[in-house]
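From first to last, the protein sequence lines stand for chains X and G. With my numbering, letter number 245 in the first sequence gets 443, and the count goes up by one each step, no holes. With my numbering, letter number 60 in the second sequence gets 258, and the count goes up by one each step, no holes. For every residue, glycine included, the Cβ atom is placed at its ideal position computed from N, Cα and C. Note that this is a predicted model, so its numbers are computed, not measured.
Number of protein chains: 2
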Amino acid sequence: MISDGDSKTDSLYSKAGVDEPREQQALKGMLHWLKKTYSFRTGIGSTSYSIGHFANVLNMGGGLGLVLTTDGVGTKLMIAQKLNRFDTVGIDCVANNVNDILCMGAEPIAMLDYIAINAIDERVLEDIAKGLCHGAEKAHISIPGGEIAQVREMLAPAGEGETALDLVGSAVGVVALSPERDDLPQLIDGKRVEPGDLVIGLLSSGLHSNGYSLARKVLLEKAHFSLDQEVPELGRALGDELLQPTHIYVEPVLSLLKKESPVHGMVNISGGGLLNLGRLPNECSYIIDNLPPVPPIFKLIKESGSISDAEMFATFNMGIGFCLIAAADAGQAILTEVSNAGYQAVILGKVDGKPGGHILLPDYHLKGRGDVFETGQ
Amino acid sequence: MISDGDSKTDSLYSKAGVDEPREQQALKGMLHWLKKTYSFRTGIGSTSYSIGHFANVLNMGGGLGLVLTTDGVGTKLMIAQKLNRFDTVGIDCVANNVNDILCMGAEPIAMLDYIAINAIDERVLEDIAKGLCHGAEKAHISIPGGEIAQVREMLAPAGEGETALDLVGSAVGVVALSPERDDLPQLIDGKRVEPGDLVIGLLSSGLHSNGYSLARKVLLEKAHFSLDQEVPELGRALGDELLQPTHIYVEPVLSLLKKESPVHGMVNISGGGLLNLGRLPNECSYIIDNLPPVPPIFKLIKESGSISDAEMFATFNMGIGFCLIAAADAGQAILTEVSNAGYQAVILGKVDGKPGGHILLPDYHLKGRGDVFETGQ
């Protein structure tokens, strides 16, 4: 997650509790130490890629690659705490991890969960497990272990008597590192992405698990919505919308990862929205000129907080949860395959030969790189 | 971590923030859901063991077993926060994970870290990474990825201006599931443990990462020690003793895991102390009648808090950080091998034929099972 984006410290998002540029700076200091560890392991289990990709790949011998990632649910948990409803955050936990695993062309196989909690509450923990189970079923993975840490003094309850917790997953997936390994999908690391390729977006189910610091600040603190309030534009209560589980893209994506797949690269649209396209290794640009209509929840946040398009697109997925970069002649077949798996996809635009790794949204006059969009393209 | 121990809700430890019996009950509710997930994955990556062992094993095909575990540093982090010293907790994070991986006879290969933090502090994060790097070097693993979650509102700082954070690892290891796989150590799941086997203890470096809720309550709140206070019995400042990194047992243990190893079972002595012996699958009992002298830090806690031996042994490692169960004739060779690797080991006692899975400490008149020791053996 290293980028060289301009400072964004004055943005509302920074004030809302997430400070991306300082995070980038801190990551650089950490990487000095963590990259040293690559040399501590040779032979089976040696590291193939640098930290910064969506997930890392270990060489396990025999053409087998092991893909590892870890991710939590973040402050979406505070919505669950306020509503005292915990049966869906496990789905988010699975989704955030397996969607990252997919980005390497890999098949997720298992996830461990870590739950930090202020006090043991059987009902809360069982509800979390229920969500994890539903997520695991959708992702075709097992959850063969986990950890519960009772660390009351380390966690801040959102309010009197509320459960305070953190929920984090770490997932593993498998991928073929040699063509002989035809029982597994082949590694896709984005290096085959080239000008003329299509960018295909899989629709999101809502906010997924990103931008909640800003969403809570704008909707709950500034606009004084309550979570149980029915919002006509959303057609349901705000809390239901904000707890909508993140889509798990395992089924539609794995159906595309057959031998000789037309897919050249994949991007999980998490924190940073479509700017995540810039994490692909080739320094291509991306012209996104066919975005579907922005879903109502994003419009509500934008209007409630008078937030610029630049900040909205740099913070939220804006309706697109996952991107496939694929050969130009494969577009229609991919749309059909995704639709057959029960998901919706749109051809968003294409890869451009201009170097620099810019993300261009001409409809919004936005040009992005690193972790910021700038207006006046 | 499921056991059927008696209720311990009146114990000081429960009051100090960790409620083991309720945790056990809650785990049962969670397992109903998590065990369902075992069937979601078949073929490569299918699950071999039940949650509750030190780490789980996935069958990766070709005789390769993948061992997974996750564990955090817990409230030892609050000592680091109070001292504003973060360059060793990364070692604890690595230790807690790789020592669990070893218990399956496996060789740790990699760990991911997850850091939840209230606000990005470059110095704190770099110091954590430094500790992670030192731990990884000692454990011969890489740290190929990780996640930093800025979740200010979810974390409680220990005091004004202090950094609040959580640090969790998830590790993978490799093990042979068939004898043909002679490039890897063979799976050791404890099923070969039998009456007459020796229990060999590897000395701990101090508290390791367990019992800090009780230790902090007794030493800081009740006895009013300060962390920078020099304590004659310890020969150093209390804070230095409490931040002493957990021993990483990879080198001495892997040196014993050659083909035809005499080691029948291994136990990481974490929360619950020597009661962890009861986690071995065979329902043997363990007679521990040659414990080395209790290190000064445990005496200090016991005396400062007037804590019973039963509670001390059910909470702390009391000087033993890792146990090997091995064939009776292999004792001396193991002591030599461990010593050659620079660690100290003691023959603590032996496995007994009496069923019931009791841990007997005759010198202290204690008999333990589940998560409690009882007096008057």
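Minimum Cβ-Cβ distance from residue i to chain X less than 8 angstroms
i: residue 409/G; result: no
i: residue 327/G; result: yes
i: residue 284/G; result: no
i: residue 453/G; result: no
i: residue 364/G; result: yes
i: residue 296/G; result: no
i: residue 424/G; result: no
i: residue 361/G; result: no
i: residue 156/G; result: Chain G is shown only over 199 to 575; residue 156/G falls outside these bounds and no answer can be derived.
i: residue 499/G; result: no
i: residue 513/G; result: no
i: residue 386/G; result: no
Any non-hydrogen atom of the ligand COA within 7 angstroms of residue i CB
i: residue 231/G; result: The ligand COA is not among the ligands present in this structure, which contains no ligands whatsoever.
Distance CB(residue i)-CB(residue j) smaller than 8 angstroms
i: residue 227/X; j: residue 323/G; result: yes
i: residue 375/G; j: residue 385/G; result: yes
i: residue 159/X; j: residue 270/X; result: Lying outside 199 to 575, the shown extent of chain X, residue 159/X is not represented and no answer is given.
i: residue 532/X; j: residue 524/X; result: yes
i: residue 571/G; j: residue 528/G; result: no
i: residue 379/G; j: residue 339/X; result: no
i: residue 479/G; j: residue 566/G; result: no
i: residue 417/G; j: residue 277/G; result: no
i: residue 304/G; j: residue 349/G; result: no
i: residue 485/G; j: residue 474/G; result: no
i: residue 343/G; j: residue 334/X; result: no
i: residue 325/G; j: residue 285/G; result: yes
i: residue 370/X; j: residue 549/X; result: no
i: residue 545/G; j: residue 452/G; result: no
Where residue i meets chain G, residues with beta-carbon distance less than 8 angstroms
i: residue 272/X; result: 347 and 349
i: residue 338/X; result: 238 and 239
i: residue 307/X; result: 239, 242, 243 and 256
CB contact check: residue i to chain G, cutoff 8 angstroms
i: residue 302/X; result: no
i: residue 335/X; result: yes
i: residue 466/X; result: no
i: residue 220/X; result: yes
i: residue 276/X; result: yes
i: residue 266/X; result: yes
i: residue 556/X; result: no
i: residue 253/X; result: yes
i: residue 312/X; result: yes
i: residue 550/X; result: no
i: residue 343/X; result: yes
i: residue 508/X; result: no
i: residue 444/X; result: no
i: residue 545/X; result: no
i: residue 206/X; result: A caution first: residue 206/X carries a pLDDT of 30, below 50, which makes its placement in the model too unreliable to give a value.
Per-residue contacts from residue i into chain X (C-beta, under 9 angstroms)
i: residue 223/G; result: 318 and 320
i: residue 262/G; result: 242, 258, 259, 260 and 262
i: residue 269/G; result: 312, 345 and 347
Under 7 angstroms by beta carbon: chain X residues contacting residue i
i: residue 234/G; result: 331
i: residue 228/G; result: 323, 324 and 327
i: residue 368/G; result: 268, 310 and 368
Neighbour list for residue i in chain G, Cβ cutoff strictly below 7 angstroms
i: residue 531/X; result: What residue 531/X touches in chain G: nothing, since even the nearest Cβ is about 27 angstroms away.
i: residue 354/X; result: 351, 352, 353 and 354
i: residue 299/X; result: Within 7 angstroms Cβ-Cβ: nothing; residue 299/X doesn't reach chain G, min ~11 angstroms.
i: residue 372/X; result: 242 and 243
DSSP bridge partner residues for residue i (one or two, in chain order)
i: residue 572/G; result: 565/G
i: residue 548/X; result: 396/X and 485/X
i: residue 524/G; result: 396/G and 461/G
i: residue 435/G; result: 428/G
i: residue 532/G; result: None, per the DSSP bridge assignment.
i: residue 466/X; result: 520/X
i: residue 539/G; result: Bridge partners of residue 539/G: none, in fact.
Proximal residues of chain G, C-beta to C-beta of residue i below 9 angstroms
i: residue 450/X; result: Simply none; closest approach about 17 angstroms.
### Message
Give the list of continuous alpha helix (DSSP H) stretches no shorter than 4 residues that lie fully inside the region 240 to 293 of chain X.
### Response
Within the region 240 to 293 of chain X, the complete alpha helix (DSSP H) runs of at least 4 residues are 274 to 281.
### Task
Go through the region 303 to 388 of chain X residue by residue and report every complete run of the beta strand (DSSP E) that reaches 3 residues or more, in order.
Runs of the beta strand (DSSP E) inside the region 303 to 388 of chain X: 305 to 315, 340 to 348 and 363 to 374.
### Any alpha helix (DSSP H) of 4 or more consecutive residues that is wholly inside the region 468 to 517 of chain X
Segments of the alpha helix (DSSP H) lying fully in the region 468 to 517 of chain X: 494 to 503 and 507 to 513.
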